[in-house]
Amino acid sequence: MDAPSTATSLSPHGQGGLLGAMRHHLFSSQAKSPSLATRHDHYLSLALAVRDRLLQNWVDTAETYTRAHVRTATYLSAEYLLGPHLENNLVNLGIHAEAQEACRALGLSLEELIAEEPEPGLGNGGLGRLAACFQESMATLEIPAIGYGIRYEFGIFRQQIGPDGQQESTDPWLARGNPWEVIRPEWSYPVEIGGHTVIGVAHDTPILGCGVHTANTLRLWSAQAPDAFDFASFNAGDYTRAVLQKVQSETLSKVLYPNDEMEQGKRLRLSQQIFFVSCSLQDMFRILKGQGMAPTEFHRKFAVQLNDTHPAIAVAELMRLLIDQHGVDWDTAWSITTAAISYTNHTLLPEALEAWGLELFGQLLPRQLEIIYEINARFLRLVRIRYPGQPELLERLSLIQEGGHQRKVRMAHLAVVGSHQVNGVAELHSKLLVENVFHDFAALWPDRFTNVTNGVTPRRWLAVANPGLAALLDESIGTTWRRNLDQLRGLEPLAHDGAFLARWQEVREQSKQRLAATIRQDTDVLVDPASLFDVQVKRIHEYKRQHLAALQIVERYLRLRNGEDLPPRTVIFGGKAAPGYHMAKLIIRLIVGIAGIVNIDPAMRGRLRVVFLPNFSVKLGQRIYPAVDLSEQISTAGMEASGTGNMKMALNGALTIGTLDGANIEIRERVGEDNFFLFGHTADQLAELNRNGYHPLPWLENDPIAKEAIDLIGSGHFSEGDRDLFHPLLANLCRHDPFRVMADIGDYRRAQNAVDEAWRDPQRWSTMSALNTARCGFFSSDRSIQDYAERIWKVTPVPVQAGQVLTSPTG
Ligand code: NBG
4 MDAPSTATSL
14 SPHGQGGLLG
24 AMRHHLFSSQ
34 AKSPSLATRH
44 DHYLSLALAV
54 RDRLLQNWVD
64 TAETYTRAHV
74 RTATYLSAEY
84 LLGPHLENNL
94 VNLGIHAEAQ
104 EACRALGLSL
114 EELIAEEPEP
124 GLGNGGLGRL
134 AACFQESMAT
144 LEIPAIGYGI
154 RYEFGIFRQQ
164 IGPDGQQEST
174 DPWLARGNPW
184 EVIRPEWSYP
194 VEIGGHTVIG
204 VAHDTPILGC
214 GVHTANTLRL
224 WSAQAPDAFD
234 FASFNAGDYT
244 RAVLQKVQSE
254 TLSKVLYPND
264 EMEQGKRLRL
274 SQQIFFVSCS
284 LQDMFRILKG
294 QGMAPTEFHR
304 KFAVQLNDTH
314 PAIAVAELMR
324 LLIDQHGVDW
334 DTAWSITTAA
344 ISYTNHTLLP
354 EALEAWGLEL
364 FGQLLPRQLE
374 IIYEINARFL
384 RLVRIRYPGQ
394 PELLERLSLI
404 QEGGHQRKVR
414 MAHLAVVGSH
424 QVNGVAELHS
434 KLLVENVFHD
444 FAALWPDRFT
454 NVTNGVTPRR
464 WLAVANPGLA
474 ALLDESIGTT
484 WRRNLDQLRG
494 LEPLAHDGAF
504 LARWQEVREQ
514 SKQRLAATIR
524 QDTDVLVDPA
534 SLFDVQVKRI
544 HEYKRQHLAA
554 LQIVERYLRL
564 RNGEDLPPRT
574 VIFGGKAAPG
584 YHMAKLIIRL
594 IVGIAGIVNI
604 DPAMRGRLRV
614 VFLPNFSVKL
624 GQRIYPAVDL
634 SEQISTAGME
644 ASGTGNMKMA
654 LNGALTIGTL
664 DGANIEIRER
674 VGEDNFFLFG
684 HTADQLAELN
694 RNGYHPLPWL
704 ENDPIAKEAI
714 DLIGSGHFSE
724 GDRDLFHPLL
734 ANLCRHDPFR
744 VMADIGDYRR
754 AQNAVDEAWR
764 DPQRWSTMSA
774 LNTARCGFFS
784 SDRSIQDYAE
794 RIWKVTPVPV
804 QAGQVLTSPT
814 G
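Quick note: to get our numbering, add 3 to the position in the sequence shown (first position is 1).
Here is the structure:
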């Protein structure tokens with residue numbers, strides 16, 4: 004069932020219009036007859052037909068925003084993990100059923116066409132996906148907004164899983180064209196980097212709201228050389244040189260860095276940052292001028308949100324543009340800059356806090372560095388007056404990190420100093436930011452720091468991903484939950500109703516069957532949809548502790564071999580490891596090794612299966628989340644800023660086994676402690692352990708079960724007799740254990756036993772599952788965006804009326 008939408012009734016195409024439009028595009032856009040058309044041709048025809056529909060929304064939105072001189076939120080993010088557009092647009096336009104019918108009439112399967120769409124993987128993980136959820140929520144809430152980023156030609160690498168673990172290959176997502184973008188060469192800007200000029204060209208993608216007429220813009224910059232071709236060199240016979248500049252410039256937007264952690268000396272990465280930030284700010288000045296507003300009114304027109312420190316250079320670049328290009332004096336420029344900009348921090352991990360060597364910085368961005376020095380001098384002067392005689396404090400606060408073998412620019416400090424608001428992404432994370440990383444800043448400016456807990460869009464993560472559950476919700480509580488997720492509360496009384504629970508189980512069963520089919524297709528492993536689906540999908544990182552889950556599987560394997568009676572489980576992993584992160588890749592290798600033994604051992608048949616699903620993505624996530632019984636959220640407390648997969652799973656009816664970390668805490672508060680399997684040390688308890696000098700050995704010596712599992716891995720049982728393969732991983736666990744696996748493994752086992760017990764009572768499990776869905780309305784990204792809009796951006800919704808402009812040829 005489709006969301007109620009104003010768009011349907013506005014459609015100028017009438018009944019069967021989509022069908023006609025598909026036929027039209029097959030001929031006039033694809034130049035194909037039906038008999039020669041490939042499935043991809045049909046997908047493109049449908050995509051273009053849908054695009055035709057949403058163009059009216061898009062044009063009307065731009066027209067409304069321009070006429071109404073709206074205050075606008077701009078979101079600067081180096082990553083957007085968008086996922087495929089087609090189905091989401093069908094749902095948000097309310098024309099899913101119409102598309103189904105059109106496809107049927109053409110003898111096509113809508114599901115197959117949807118599966119044809121390559122996904123723009125322009126992000127690494129949660130941070131990029133959050134940016135995408137936020138764009139969709141802003142459109143749905145009718146908030147004037149522009150998302151700015153980079154149009155990477157190659158997104159996050161594709162992952163294959165073989166016997167040796169992860170292999171990477173490139174992701175040419177644009178190879179067969181992109182029907183969703185419009186190139187706008189008229190909006191191109193020069194950016195000077197290291198004495199060379201690169202041109203950024205706007206590529207716009209419409210972001211549709213759900214059930215409203217709004218379609219906002221995601222504007223991604225693609226790099227071009229100013230002179231694509233050097234004729235002088237060509238004429239002189241130097242063919243290579245003739246295209247060199249072009250190649251060098253275009254390298255800028257070639258590829259996404261497959262890592263969301265800091266890597267030193269990444270010249271290209273810093274170039275990418277200034278490139279997209281400068282283009283975006285220049286674009287804002289162009290818009291400002293178009294509105295007849297002065298450059299000094301910048302902060303009245305725009306609220307600029309920095310998604311992590313990747314765009315933090317915006318602080319210096321906005322100052323530069325105001326002062327050098329628009330002739331504004333320093334003090335005025337500074338108040339405009341800090342009034343406009345705010346910053347979201349997404350991690351406490353020290354290695355992820357960006358800092359650029361001064362030498363590199365000065366080579367690439369000499370003027371911006373000069374400005375940063377001046378910002379720093381003025382800032383430190385202020386601190387000195389407020390706290391006289393505290394040189395260590397000055398050193399801690401400075402935008403320039405002294406000490407070490409290299410002086411560096413601290414991008415997080417630049418972002419904090421240049422923002423009026425700084426937020427973390429879950430309550431615990433925001434609290435730890437103020438207590439630790441930004442402690443001195445928080446003492447200086449307590450009001451600057453705040454929390455906005457993350458959220459996920461219920462359109463993609465429920466309506467699109469889980470059509471069965473969506474239909475059941477529509478029937479049970481009405482259809483308005485899509486735009487007001489708190490309405491899920493209406494399910495609570497049903498969570499104890501036997502007839503409803505039977506439907507609930509049926510829907511979940513179907514989702515699990517669908518996932519089982521995908522697993523079969525992608526890995527050749529047969530899994531039983533009636534078994535408990537125990538799932539951990541997310542980037543592979545030691546702090547997320549996939550190795551803790553792996554150890555628990557080995558323990559279970561040993562217990563089953565000893566004849567214990569445990570309910571059947573299928574443990575499913577997915578996620579990419581940064582290509583240079585050896586320990587993470589070794590963890591994948593371990594999981595693959597365990598799967599290789601467990602899945603062929605006759606004693607495990609019907610009791611335990613282990614699967615590593617390759618190439619985790621938005622698309623795959625949509626298949627997985629609805630089918631999760633047990634959501635593994637087992638990071639070391641204090642290390643996961645928020646997590647958003649935890650929200651997607653609970654929203655779809657999974658029970659969580661988790662630590663008191665990130666948003667787990669808030670999920671547990673809401674779903675109730677009886678409906679959540681808690682384990683492990685808290686962040687405070689771990690801090691206490693650290694103070695006393697943590698060592699894993701005493702824990703291990705007191706835990707024969709864990710020891711046996713570790714010994715079995717060390718014996719080569721899961722590596723064809725190779726005793727060395729996993730040595731680095733095991734040695735690290737037994738000697739240092741930086742992520743406190745050994746401190747938590749015992750309690751994790753206890754919680755897993757509680758899971759087994761609960762699973763034995765299907766009725767009880769279903770009630771807990773339904774209550775998780777009923778109580779997760781808070782985790783809608785609509786709520787997060789409302790929070791940003793009201794408290795940080797001061798941007799209010801501006802509804803878009805249909806028919807602002809009569810540009811549609813059919814309108
Ligand atoms: C990630 C955190 C997650 C969080 C997302 C979105 C980075 C740097 N941070 O816990 O690890 O959910 O950001 O806020 O990728």
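Positions of the beta carbon are idealized from the N, C-alpha and C atoms, including for glycine.
Option in the options with minimal Cα separation from residue i
i: Ala734; options: Gly578, Pro699, Lys515 and Ser172; result: Pro699
i: Val601; options: Leu447, Ser620, Gly124 and Thr573; result: Thr573
i: His199; options: Ala205, Pro229, Asp537 and Glu711; result: Pro229
i: Asp207; options: Thr243, Ile149, Tyr791 and Val420; result: Ile149
i: Ile378; options: Leu396, Asn348, Glu405 and Leu417; result: Leu417
i: Thr776; options: His72, Lys269 and Ile480; result: Ile480
i: Asn469; options: Gly806, Arg54 and Ile627; result: Ile627
i: Arg342; options: Lys651, Asn310 and Gly421; result: Looking at the sequence shown, residue 342 is not Arg but Ala. When each option's Cα is compared against that of Ala342, the closest is Gly421.
i: Arg608; options: Lys622, Lys547 and Leu529; result: Leu529
i: Thr217; options: Leu144, Val428 and Trp224; result: Leu144
i: Val185; options: Ala358, Leu58 and Gly365; result: Leu58
i: Glu192; options: Ser783, Ser225 and Ala178; result: The displayed chain sequence assigns Tyr, not Glu, to residue 192. The candidate whose alpha carbon is nearest that of Tyr192 is Ser225.
i: Pro461; options: Pro166, Arg323, Glu119 and Val94; result: Val94
i: Ala686; options: Leu431, Gly578, Val455 and Ile591; result: Leu431
i: Asp750; options: Arg671, Ala380, Asn705 and His27; result: Asn705
Under 8 Å between C-beta atoms of residue i and residue j
i: Arg778; j: Val674; result: yes
i: Arg559; j: Leu593; result: no
i: Leu715; j: Val557; result: yes
i: Leu367; j: Met642; result: no
i: Gln170; j: Ile202; result: no
i: Ala829; j: Tyr83; result: Here the chain comprises residues numbered 4 to 814, so residue 829 is not present and cannot be evaluated.
i: Leu681; j: Gly665; result: no
i: Ile146; j: Ala792; result: yes
i: Thr526; j: Leu616; result: yes
i: Val801; j: Thr312; result: no
i: Asp286; j: Arg370; result: no
i: Val631; j: Phe536; result: yes
i: Gly23; j: Ala81; result: no
i: Leu736; j: Val744; result: yes
i: Asn310; j: Leu130; result: yes
i: Ile375; j: Leu356; result: no
Exposed unless 16 or more other CB atoms sit within 10 angstroms - verdict on residue i
i: Lys797; result: exposed
i: Asn439; result: exposed
i: Gly501; result: exposed
i: Arg794; result: exposed
i: Gln251; result: exposed
i: Tyr242; result: exposed
i: Phe234; result: exposed
i: Thr799; result: exposed
i: Gln804; result: exposed
i: Ile603; result: exposed
i: Gln18; result: Confidence at Gln18 is low in this model, with a pLDDT of 42, below 50, so its placement is unreliable and no value can be given for it.
i: Gly624; result: buried
i: Pro707; result: exposed
i: Phe305; result: buried
i: Gly806; result: exposed
i: Ala580; result: buried
Bridge-paired residues (DSSP) for residue i
i: Asp747; result: The partner list for Asp747 (beta bridge, DSSP) is empty, contrary to what the question assumes.
i: Ser769; result: In the DSSP output, where bridge partners are listed per residue, Ser769 has none listed.
i: Glu195; result: Thr200
i: His206; result: Ile186 and Leu223
i: Ser140; result: The partner list for Ser140 (beta bridge, DSSP) is empty, contrary to what the question assumes.
is_contact[residue i, chain D] using C-beta, thresh 8 Å
i: Phe729; result: Among the protein chains of the structure shown there is no chain D, as only one such chain exists.
* List in chain order the residues whose CB is within less than 7 Å of at least one heavy atom of the ligand NBG. => The answer, residue by residue, is Asn127, Gly128, Gly129, Leu130, Leu133, Asp263, Asp311, His349, Thr350, Ala355, Val428, Asn457, Glu643, Ala644, Ser645, Gly646, Thr647 and Gly665.
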